[in-house]
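Residue numbers (our numbering): 6 to 266.
Glycine included, C-beta positions come from ideal geometry on N, C-alpha and C.
All values derive from a computational prediction rather than experimental measurement.
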């Protein structure tokens, strides 16, 4: 009886294992609470929108012009206010530009541009300068087309689109869904791609100390992995308590049969 009780408690999931923002002191290096600016790496997909003043240049870069959204009559006043609006919200028609293995992109009429390890703002400035030299008054806007992160383990298995180039680990997990009861929050791992390869970061998600560390923000292309705790094994929903209960019941049936016969 005592052994059964101890075994049952050993497989229980407590608040200490699952609650977030606990006062668990860690020795992680502390940083300013500021998202790290994303630096472009080979393999990234850039969405580049070109805005030109003259019709000839606009026609040359037609494949990189945002889709026009037309506003017609104002419903509240009944007055026609026909106008065309172009913005980065309407770039679904623009084919993404790939960053090659050598860190460059190849853009029509202006040639190769080295963009590796540059921020999106720096890339926008570099492209706009070349476009303006090609045709005065022509500028560009740049966004990241492959703006997503992946989730694996006890928090699910999915690839999720990000709203920006940085997001907190809590926001990412909230979008992905709740971590299961048997997810080991003390050993969450983020795998990040950079120009030199992959960087792995493992941290304790339960501690509120991570808010001031490098683990607090994730970036596009990050993979978040939440492993299982030792209390879960032999399938997705079978714990030690379930296995022990099954064996105990089976032993009871065997003893009952032996006594009867």
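Open item on the list: Ignoring anything shorter than 4 residues, give me the alpha helix (DSSP H) runs that lie fully in the segment 98 to 177, in order along the chain.
Closed with: 125 to 139
TODO: Less than 8 Å between the CB atoms is what I'm expecting for residue 112 and residue 225, so what's the real figure, rounded?
DONE: In the chain shown, the residue the question calls residue 112 occupies position 107. In the chain shown, the residue the question calls residue 225 occupies position 220. 21 Å between Cβ atoms; not a contact.
Task: residue 202, enclosing alpha helix (DSSP H) - first and last residue - done: Your numbering for residue 202 matches position 197 in the chain shown. Where residue 202 is concerned, there is no enclosing alpha helix (DSSP H), although the beta strand (DSSP E) around it starts and stops at 202 to 208.
Task: Residues of its chain near residue 102, where Cβ-Cβ distance is below 6 Å and the 5 sequence neighbours each way are ignored - done: Along the chain shown, read from residue 1 onward, the residue named residue 102 stands at position 97. Taken in chain order, the residues that qualify are 51, 53, 110.
- [ ] Would you give the residue range spanned by the alpha helix (DSSP H) that residue 62 belongs to?
- [x] As a position in the chain shown, residue 62 is number 57, starting the count at 1. Taken as a continuous stretch (DSSP letters only), the alpha helix (DSSP H) holding residue 62 covers 60 to 65.
Task: Beta-carbon proximity list for residue 164, same chain, < 6 Å, skipping 5 on both sides - done: Residue 164 sits at position 159 when you count from the first residue of the chain shown. Taken in chain order, the residues that qualify are 153, 155.
- [ ] May I have the straight-line CA-CA distance separating residue 140 from residue 148, to the nearest angstrom?
- [x] Numbered from its first residue, the chain shown carries residue 140 at position 135. Numbered from its first residue, the chain shown carries residue 148 at position 143. Cα-Cα distance, rounded: 22 Å.
Open item on the list: Out of 213, 188, 257, 253, which one is the CA nearest neighbour of residue 235?
Closed with: For the purposes of this step, residue 235 is taken as the residue at position 230 of the chain shown. Of 213, 188, 257, 253, the residue nearest in Cα terms is 188.
Open item on the list: Considering just the uninterrupted stretch of the beta strand (DSSP E) at residue 197, what are its terminal residues?
Closed with: Position 192 of the chain shown holds residue 197. Taken as a continuous stretch (DSSP letters only), the beta strand (DSSP E) holding residue 197 covers 193 to 199.
Open item on the list: Do residue 120 and residue 45 count as a contact pair if the criterion is CB distance below 7 Å?
Closed with: In the chain shown, the residue the question calls residue 45 occupies position 40. In the chain shown, the residue the question calls residue 120 occupies position 115. It is a contact, given that the beta carbons lie within the stated cut-off.
- [ ] Would you grab the beta carbon distance between residue 157 and residue 230 for me? Rounded to a whole angstrom, and I think it's under 8 Å.
- [x] Here the question's residue 157 lines up with position 152 in the chain shown. Here the question's residue 230 lines up with position 225 in the chain shown. The Cβ separation is near 5 Å, so the contact holds.
Task: Same chain, Cβ closer than 7 Å to residue 182, neighbours up to 5 away in sequence not counted - done: To locate residue 182, count along the chain shown from 1; it is residue 177. So the list reads 160, 161, once near-sequence residues are dropped.
Open item on the list: Check for me: the beta strand (DSSP E) holding residue 52 runs from which residue to which?
Closed with: Within the chain shown, the letter at position 47 stands for residue 52. First-last of the beta strand (DSSP E) with residue 52: 50 to 56.
Task: Euclidean distance between Cα positions of residue 71 and residue 55 - done: Here residue 71 corresponds to residue number 66 of the chain shown, with the count starting at 1. Here residue 55 corresponds to residue number 50 of the chain shown, with the count starting at 1. Our two residues, residue 71 and residue 55, have alpha carbons roughly 8 Å apart in a direct line.
- [ ] Rounded to whole angstroms, what's the CA-CA distance from residue 135 to residue 115? Just pull it up for me.
- [x] Here residue 135 corresponds to residue number 130 of the chain shown, with the count starting at 1. Here residue 115 corresponds to residue number 110 of the chain shown, with the count starting at 1. If you draw a straight line from the Cα of residue 135 to the Cα of residue 115, it comes to about 7 Å.
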